[in-house]
Amino acid sequence: MIFQKPSLRTRVSFDVGMQHLGGSALYLGPSEIGLGKRESISDVTRVLNGMVHGIMARVFGHEDVLEIARWASVPVINGLSDERHPCQAMADVMAIREHFGRTQGLKLAYIGDGNNVASSLLLMCAHFGLDFAIAAPAGYTLPQKVKDAAAPIVQRNLTTFSEVTAPEEAAQGADILYTDTWISMGQEEEAAERIATFAGYQVNAELLALANPGAVTMHDLPAYRGKEITDEMMDGPQSIVFQQAHNRLHAQKAILARLLGGA
Ligand code: CP
Ligand code: NVA
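First residue of the sequence shown: 3, per our numbering; consecutive thereafter.
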């Protein structure tokens with residue numbers, strides 16, 4: 003497990019998941035291997051090829067995880083990059099399916115930054131038949147690249163994708179209100195500007211009142227309570243936030259069994 007950034011859920015779920023499946027996991031933090039600094043990505047990967055059965059990597063630039071995959075002879079799992087967070091989206095769809103008993107025909111409204119988590123959610127929603135709406139301030143919506151990747155899936159599965167600036171508009175008819183931090187790892191220097199820009203993009207009781215009856219709130223965590231989400235929306239009866247976090251373990255085990263299980 004190569005980590006260029008901090009982690010609670012990803013690290014613990016992959017480590018414990020490997021133990022449950024009879025394997026073991028090794029944590030390589032930024033100070034241990036200096037990926038791309040002490041040693042090139044290609045050299046690190048070619049060494050690991052002969053020592054491990056799989057590589058999970060959390061990186062800054064998305065091209066770094068692609069570079070690992072380019073050199074790897076073992077499966078490579080993206081444990082979050084600046085562009086995507088697929089393992090999170092897999093746990094999320096599991097939580098949605100557990101709660102609603104289905105995914106088809108539901109609407110997920112994502113409130114906030116069009117970041118890595120939002121990008122993977124758009125793709126997940128398109129694959130599993132959910133309509134996806136994002137409410138983001140101008141200049142902070144999803145990158146064109148992910149919209150282009152999602153477009154054919156949206157079309158094939160007859161789902162919808164919409165982008166608006168008003169959270170109230172996205173929340174209309176939603177079954178899920180989902181949010182993430184306004185300041186992702188690596189964006190700390192933009193904190194003041196982002197806090198000002200995203201004020202108003204909060205998942206709170208007023209916003210939930212506009213969603214469908216029985217709507218739930220979700221957050222990938224870590225959450226900045228009082229910023230993108232209120233305590234009430236994290237801890238209330240409509241929250242599936244912790245079920246979502248727990249499902250990281252199960253979803254990650256499924257990924258490991260599929261990629262390393264040998265079946
Ligand atoms: N949601 C998530 O990936 O959490 P960590 O950053 O703690 O792994
Ligand atoms: N968007 C957040 C997700 C953290 C799990 C980040 O990249 O920091």
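A virtual CB, placed ideally from N, CA and C, is assigned to each residue, including glycine.
Contact between the stretch 16-28 and the stretch 200-220 is absent: fewer than three C-beta pairs spanning the two stretches fall below 8 Å. Look at residue 17 here: in three-state DSSP terms it is helix.
Counting other Cβ atoms within 10 Å of its Cβ, residue 94 reaches 16 or more and is therefore classed as buried. Residue 58: not part of any alpha helix (DSSP H); member of the beta strand (DSSP E) spanning 57-60, first to last residue. With distances taken between CA atoms, residue 46 lies nearest to 76 out of 76, 25, 17 and 26. Taking 8 Å as the cut-off, the C-beta of residue 187 counts as close to a heavy atom of ligand 2. Looking at the backbone, the Cα of residue 211 and that of residue 42 are separated by about 51 Å.
Taking 9 Å as the cut-off, the Cβ atoms of residue 122 and residue 99 do not count as close. In the structure shown, the three-state DSSP call for residue 187 is coil. Counting along the chain, residue 236 sits inside the alpha helix (DSSP H) bounded by residues 233-237. DSSP, reduced to helix, strand and coil, places residue 222 outside both helices and strands of the structure shown, so it counts as coil.
Just so you know, the alpha carbons of residue 192 and residue 248 end up roughly 30 Å apart. For residue 51, the enclosing alpha helix (DSSP H) stretches over residues 43-51.
The C-beta separation of residue 127 from residue 257 comes to about 19 Å, leaving the pair out of contact by the 8 Å criterion.
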